[in-house]
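Notes to accompany the following structure.
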Amino acid sequence: MLETGIENGRQIGPYRIVRLLGKGGMAEVYEVENERLGARFALKAFTLDHGEVEFLRKRFQVEGRLLARLSHPRIVRVYDMGVDAETGLPYYVMDLVLDESGRPRSLKDELESGEATEEMAAKWYEDLREGLEYIHAMGVVHRDVTLENVLVGPDGRAVLSDFGVSKILPRDLRAELKETVNTMVRGEKPLMGKSFYIAPEVAAGGDESAASDFYSVGVMMLRLLAQVWYAPGVKLDDMLLPFDPQWRRILPALLAEKPTERRMAVWRRPDRNPFRSLVTAGAGENDVMLRIRFPHWLLAGIMLFAAVAFAAVAVYAAYERGQRKMAERELRTLRERVSAVEAR
Numbered sequence: 004m005l006e007t008g009i010e011n012g013r014q015i016g017p018y019r020i021v022r023l024l025g026k027g028g029m030a031e032v033y034e035v036e037n038e039r040l041g042a043r044f045a046l047k048a049f050t051l052d053h054g055e056v057e058f059l060r061k062r063f064q065v066e067g068r069l070l071a072r073l074s075h076p077r078i079v080r081v082y083d084m085g086v087d088a089e090t091g092l093p094y095y096v097m098d099l100v101l102d103e104s105g106r107p108r109s110l111k112d113e114l115e116s117g118e119a120t121e122e123m124a125a126k127w128y129e130d131l132r133e134g135l136e137y138i139h140a141m142g143v144v145h146r147d148v149t150l151e152n153v154l155v156g157p158d159g160r161a162v163l164s165d166f167g168v169s170k171i172l173p174r175d176l177r178a179e180l181k182e183t184v185n186t187m188v189r190g191e192k193p194l195m196g197k198s199f200y201i202a203p204e205v206a207a208g209g210d211e212s213a214a215s216d217f218y219s220v221g222v223m224m225l226r227l228l229a230q231v232w233y234a235p236g237v238k239l240d241d242m243l244l245p246f247d248p249q250w251r252r253i254l255p256a257l258l259a260e261k262p263t264e265r266r267m268a269v270w271r272r273p274d275r276n277p278f279r280s281l282v283t284a285g286a287g288e289n290d291v292m293l294r295i296r297f298p299h300w301l302l303a304g305i306m307l308f309a310a311v312a313f314a315a316v317a318v319y320a321a322y323e324r325g326q327r328k329m330a331e332r333e334l335r336t337l338r339e340r341v342s343a344v345e346a347r
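Start counting the sequence shown at 4; every next residue gets the next number (this note's numbering).
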């Protein structure tokens, strides 16, 4: 691979290079400034051998076109793309995602620092669920959901990036993707992604799908929680005993052997106001379900209160009946005495 080695201060189109943020397998990412707009972005530029330029340039353009169509808080958005006049290498310009200290940070960095907590993992899981739900609804399968490809913003929220190996399902891009990606291995199906994260059906030569993205999320969350890579057949329940019971519901659903059984369940957060209605979005754009959910302790309390209240009402009603009967007896006695006096 060539290293572009773009020096700080150099101009690429309307963008001035500020600093190198990081290097990947086939690209370098720079912080850049558009002085005309007074705004900063991330610029991703290829580092290619000359024999790969034409093939991967087209692939790069597919990725840029794909990302430009997507807009969601939990994914990186692309704003511009072009070719560097000096090197001839393509680039695109995207959201600049830095942590609160101004550094690029991924979930891999969070894992290696030892600072990632279970609460943070739950929050990142929900961020990923929202981002993947969106791109799947848009007809896109990411195919490379890894710790390295999830960035952490200044608010601590997770943002999904690197759609370079995405499977694009819209008809107008499907043929182009097949030409630029699937021919890469002389007719054999390419195996994209890193081995730990690959779903069993994909490793066996099957197609990628939303379910294979779910599997990758499961591998990633187990790694964040238990510091181990998932191995098919392990007893997840035993491994997850030290953690919130919700993980024993969520992770088996993500790591199910059959793709048809996989799903990303919602993390059920305690609601300080139990009477607040909670909205959960479905897979479709207009598929929204409204429901009211109460904590178990509150339901038990309500039932106990209702039982006590019912018993109190029953006792009071019995008391009232007794009092009425007593009054009726006293009234009859009084009437009998009055009648006797009058008879005299």
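For glycine and all other residues, C-beta sits at the position ideal for the given N, C-alpha and C. Quick caveat, the model's predicted, so the values are computed rather than measured.
Q) Should A1 and A214 be called a contact, given that it needs their Cβ atoms to be closer than 8 Å? A) The requested residue 1 does not occur in the structure, where the chain is confined to residues 4 to 347.
(Q) Starting from Y137, trace the alpha helix (DSSP H) in both directions and tell me its first and last residue. (A) Walking along the sequence shown from the start, residue 137 turns up at place 134. Here the alpha helix (DSSP H) through Y137 covers 121-140.
Q. Who are E36's beta bridge partners in DSSP?
A. Start at 1 with the first residue of the sequence shown, and residue 36 comes out as number 33. In DSSP, E36 forms a bridge with R19, R43.
**Q.** Backbone CA spacing between V222 and A303 [nearest angstrom]
**A.** For this step, residue 222 is matched to residue 219 along the sequence shown. For this step, residue 303 is matched to residue 300 along the sequence shown. Approximately 36 Å between the Cα atoms of the pair.
Q) So, helix, strand or coil for K238, using DSSP? A) Locating residue 238 in the sequence shown gives position 235, counting from the first residue. Looking at K238 - three-state DSSP - the assignment turns out to be coil, as it is neither helix nor strand.
Q | Residues of its chain near Y137, where Cβ-Cβ distance is below 6 Å and the 5 sequence neighbours each way are ignored | A | Residue 137 sits at position 134 when you count from the first residue of the sequence shown. The residues are H75.
Q.
Using a Cβ-Cβ cutoff of less than 6 Å, which residues in the same chain neighbour H139 once the five nearest sequence positions on both sides are dropped?
A. What you label residue 139 is simply residue 136 of the sequence shown in a count that begins at 1. Closer than 6 Å at Cβ, skipping near neighbours: A213.
Q. Using a Cβ-Cβ cut-off of 7 Å (strictly less than) and excluding sequence neighbours within five positions of P235, which residues of its own chain qualify?
A. Locating residue 235 in the sequence shown gives position 232, where the first residue counts as 1. Excluding residues within five positions, the ones whose Cβ falls inside 7 Å are P203, E260.
Q) Looking at the unbroken alpha helix (DSSP H) that takes in Y218, where does it start and where does it end? A) Mapped onto the sequence shown, residue 218 falls at position 215. It spans 213-229 - the alpha helix (DSSP H) in which Y218 sits, taken as one unbroken run.
Q) Between the Cα of G159 and the Cα atoms of R108, M141, G208, which residue gives the shortest distance? A) Locating residue 159 in the sequence shown gives position 156, where the first residue counts as 1. Of the listed residues, the one whose Cα sits closest to G159 is R108.
Q.
Rounded to whole angstroms, what is the Cα-Cα separation between V155 and V81?
A. Along the sequence shown, read from residue 1 onward, the residue named residue 155 stands at position 152. Along the sequence shown, read from residue 1 onward, the residue named residue 81 stands at position 78. Between V155 and V81, the C-alpha separation is close to 17 Å.
Q. Cα-Cα, which of D165, G134, P157, V143 is closest to T149?
A. Here residue 149 refers to the residue found at position 146 when the sequence shown is read from its first residue. Selected option, being the one with the closest Cα: D165.
Q) Should Y218 be listed as close to the ligand GTP, given that the test is whether its C-beta is under 7 Å from any heavy atom? A) By its list of ligands, the structure shown contains no ligand whatsoever, and the ligand GTP lies outside what it can speak to.
**Q.** Beta carbon of R19 nearer than 8 Å to that of E38
**A.** Start at 1 with the first residue of the sequence shown, and residue 19 comes out as number 16. Start at 1 with the first residue of the sequence shown, and residue 38 comes out as number 35. Closer than 8 Å, so yes.
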